[in-house]
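In what follows, a single structure is set out as structure tokens and then discussed.
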Amino acid sequence: MNRIKNTLSQDKKLLSIYFTAGYPEPEDTVSIIKDLEKNGVDFIEIGLPFSDPLADGPTIQESSGVALKNGMTTKKLFQQLDGIREEVEIPLIIMGYFNPILQFGVEEFCKRCAAVGIDGLIIPDLPVEEYNEKYRVIFEKYGLSNIFLITPQTSEERIRFIDSVSEGFIYMVSTASVTGSTKGFTQETRDYFRRISEMKLRNPQIVGFGISDEETYGQATEFAKGAIIGSAFIKHLNSSGKQDISGFVKRIRPV
Amino acid sequence: MSYQVDEKGYYGDFGGAYIPEMLYPNVEELRRQYLDIMKEESFQKEFKELLRDYVGRPTPLYYAERFSKKYGTKVYLKREDLCHTGAHKINNTVGQILMAKRLGKNRIIAETGAGQHGVATATVCALMGIECIVYMGEIDIDRQAPNVARMKMLGATVIPAKSGSRTLKDATNEAIRDWINNPVDTHYIIGSVVGPHPYPDMVARFQAVISEEIKVQLKEKENRENPDYVVACVGGGSNAAGAYYHYLDTPEVGIIAVEAAGKGIDSGKSAATSVLGKEGIIHGSKTLLMQSEDGQITEPYSISAGLDYPGVGPMHANLFRSGRGEFISITDEAAMKAGLQLAKLEGIIPAIESSHALAIFEDRKFKEDDIVVVNLSGRGDKDLSTYIDYFQL
Ligand SMILES: Cc1ncc(COP(=O)(O)O)c(C=O)c1O
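Below, the structure is given as structure tokens:
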């Protein structure tokens, strides 16, 4: 059974939410996952906090900092996720930087992911070449999809290469920026969404970075299969707490 | 086996380019072109002229007679402290600004800790009339006010890094984020032999002028190109990489790397990466770095802001692991004493970074006829207030 592929084969646009594990409170991880599923989110990215998140803007940096202060660790995340598959069915993906995974041991990490029911990984600073050469066999052994990023600057040739290595979806970074931009999408960005969709890749594309509301979600999913919201959700947790997750999801994708 | 970088960007197990895809086009563009550009005759001509007429090279190789006598060996000082702006850092920024121009970039970003690299970058940007943005940790901005003022005078914009521990590693993170946000027109001038390939190799090549000159100068003075030892302090490792460069694959030249022990290796306040670090990834490079068991990067400490980096360049990580390099750590106290001593013995006030390299002679003994070259990476002007506070001058 491959939960990611099943979800992607549904005949609808998908909504994914990113949040940082251990934020705002250390033990919030599982309850947030359950709430997101209950409110119709299609899949979830669980952020593994890191001291030096290079590709992230201030919102996710701060949530990582708080999570680390809360005592969040890789080991603790796996403890929290133990048993999650008895309650949650949607795909769960861990998004984290490579160093904590390397320290945990790549094979051990993958093994634990498989054991708790994680479906895939997004590791922004593990380039596709290194993955292919050194780690792909391990990921495949444990049935984990590794998701790669492309950006508006990625060449067509490289996109085709990344598509050939990917199993699941391609993470399409909307604009040249770190996470958390709220500037909205220009015509140029929307043309890029179209250009990629016209490449007819093997893997569907999910757009991330810079999606914060119904409008940007709509624009992102005009051509792509779905979109991921991160910083906007963290901000919501920060201002409204965990109470109104249903309201947040409904504002992005009204039923 | 060579201690130089291989064609994949590795020094043994270390190096590579662990970067998010957003940086790939920029780093790849640089990787494909840097060697060709550096080989161009016009590039070499311009680089050499600027090093001579603007930086003030060659810097002297000075036989430190009284210092030598005190320690019973022959010590030469490579006087990088006499470079324009006061340290070796400018060798690299001159090279990189010429590289940036050839890549068609019109906006420069840099990180800085103590401010030396920031000043060296602001200087070459002023020289070329190119916009310059320097990221500096909020805490360092407070600690290094004179260098902040110098950068401003030189026309640079100094942006405080407010994330994480608000020091050098966070300034580097902010510079990398800026590069992600500005992928087309911007070149990132990294200040040491760190970061993703090809940076460690490119910066080492620009700093290699140090050992190129040592060879010629030692030949004149001692009728031999090779000293018995080359000694340098290591923060990220650029002055050391430059001093070692042409000796890396000459086994009869001993390589000594001096790290900052801070208040002592086991004090929890140290920057001795080779001793305290483990293999991991920092700023796009696989290398040794100080980190928690969980892989979170920890904050180093040294009295010298320029050695206060939690990682070390991949070249040095490989020198350490392979045993090619001898690594020594020096405490704040020993370094400060060595700085004061050089002032008294030779009339040279060294940067506190360089003082670490000078301090090894107390415990590390050399033979009487050994020739030991110490790379005096910078001058102590920037550190006067630290010297004043420390010695109650
Ligand atoms: C005088 C001096 N020496 C050494 C260093 C350390 O850097 P690196 O190890 O790259 O030479 C610095 C950094 O600011 C410096 O200013």
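One line per chain: the protein sequences are A and B, in this order. For the first sequence, position 78 matches number 77 in numbering that gives the first Met the number 0, and the numbering has no gaps at all. For the second sequence, position 62 matches number 61 in numbering that gives the first Met the number 0, and the numbering has no gaps at all. Cβ atoms here follow ideal geometry from the backbone N, Cα and C, with glycine treated the same way.
A:M0 versus A:G46 - alpha carbon distance | For A:M0, the predicted model reports a pLDDT of 49, less than 50, meaning its position is unreliable; a value from the coordinates is still stated below. Cα to Cα, the separation comes out at about 24 angstroms.
Name the residue from A:S238, A:V248, A:G246 whose alpha carbon lies nearest to the alpha carbon of A:T58.
-> A:S238
What does A:Q186 reach in chain B if we use C-beta pairs closer than 8 angstroms?
-> Within 8 angstroms Cβ-Cβ: nothing; A:Q186 doesn't reach chain B, min ~18 angstroms.
Say yes only if the C-beta of B:G305 is nearer than 7 angstroms to one or more non-hydrogen atoms of ligand 1, and no if none qualify.
-> yes
Opening and closing residue of the alpha helix (DSSP H) in which B:Y17 lies = Unbroken run through B:Y17: none, as it is neither H nor E.
Does the stretch 95–106 of chain A come close enough to the stretch 118–131 of chain A that 3 or more CB-CB pairs lie under 8 angstroms?
-> yes
Quick one, which residues of the stretch 8–25 of chain B are near chain A if we go by CB-CB under 9 angstroms, in chain order?
-> G15, A16, Y17, I18, P19, E20, M21, L22, Y23, P24, N25
Entirely within the stretch 133–182 of chain A and at least 3 residues each: give me those beta strand (DSSP E) ranges in chain order.
-> 144–146, 169–172
If A:F325 sits next to A:G104, beta carbons under 8 angstroms apart, how far is it from one beta carbon to the other, in whole angstroms?
-> Absent from the model: residue 325 of chain A. The displayed extent of chain A is 0 to 254, so no value can be given.
Indicate whether B:A160 and B:A148 have their beta-carbon atoms separated by less than 8 angstroms.
-> no
In angstroms with no decimal places, state the Cα-to-Cα distance between B:N146 and B:T111.
-> 10 angstroms
Identify every residue that forms a DSSP beta bridge with B:A259.
-> B:I329
Could you check where the alpha helix (DSSP H) with A:P126 kicks off and where it finishes?
-> No alpha helix (DSSP H) contains A:P126, which DSSP labels as neither H nor E.
Where B:Q95 falls: helix, strand or coil (DSSP) | helix
List the whole-angstrom C-beta distance separating A:G142 from A:A175, where the pair is believed to meet the contact cut-off of C-beta under 8 angstroms.
-> 33 angstroms between Cβ atoms; not a contact.
If we cut at 8 angstroms on Cβ distances, does B:S273 have a partner in chain A?
-> no
Which same chain residues, not among the five before or five after B:Q95, have their C-beta less than 6 angstroms away from its C-beta?
-> I188
Nearest candidate by alpha-carbon position, reference A:S154, set B:V311, B:I302, B:P299, B:Y23 = B:Y23
B:G379, DSSP secondary structure in three states = helix
Could you pull out every residue in the same chain whose Cβ sits closer than 8 angstroms to the Cβ of A:K224, ignoring the five residues on either side in sequence?
-> L7, K12, L13, F168, P203, Q204, I205
Inter-residue CB distance, B:V372 and B:I213 (contact presumed, cutoff 8 angstroms) | 6 angstroms
C-alpha distance - B:F42 paired with B:N238, whole-angstrom precision = 22 angstroms
Whole-number beta carbon distance between B:V229 and B:A240, since they are thought to touch under 8 angstroms = Not really, about 11 angstroms apart at Cβ, beyond 8 angstroms.
Is the stretch 7–22 of chain B close to the stretch 196–205 of chain B, with three or more CB pairs under 8 angstroms?
-> yes
CB of B:S353 within 8 angstroms of CB of B:L375, strictly = yes
Could you give the DSSP three-state label for B:H196: helix, strand or coil?
-> coil
Would you check if the distance between the CB atom of A:I83 and the CB atom of A:V40 is smaller than 8 angstroms?
-> no
Could you give the DSSP three-state label for A:E61: helix, strand or coil?
-> helix
Answer yes if the stretch 330–346 of chain B comes into contact with the stretch 258–267 of chain B, meaning at least three C-beta pairs across the two stretches below 8 angstroms, and no otherwise.
-> yes
Can we say the stretch 352–369 of chain B touches the stretch 204–221 of chain B, given the rule of at least three CB pairs closer than 8 angstroms?
-> no
Unbroken beta strand (DSSP E) run spanning B:E110, endpoints | 106–111
Residue nearest to B:D248 in terms of C-alpha spacing, selected from B:G322, B:P309, B:Q340 | B:G322
Kindly indicate the opening and closing residues of the beta strand (DSSP E) around A:G207.
-> 204–207
Any heavy atom of ligand 1 within a distance shorter than 7 angstroms of the CB on B:N238?
-> yes
Reducing DSSP to helix, strand and coil, say where A:M0 ends up.
-> Any answer about A:M0 is weak, because its pLDDT of 49 lies below 50 and its placement is not dependable; what the coordinates show is given next. It is coil, neither helix nor strand.
Per-residue contacts from B:D293 into chain A (C-beta, under 7 angstroms) = T72, T73, P99, Q102
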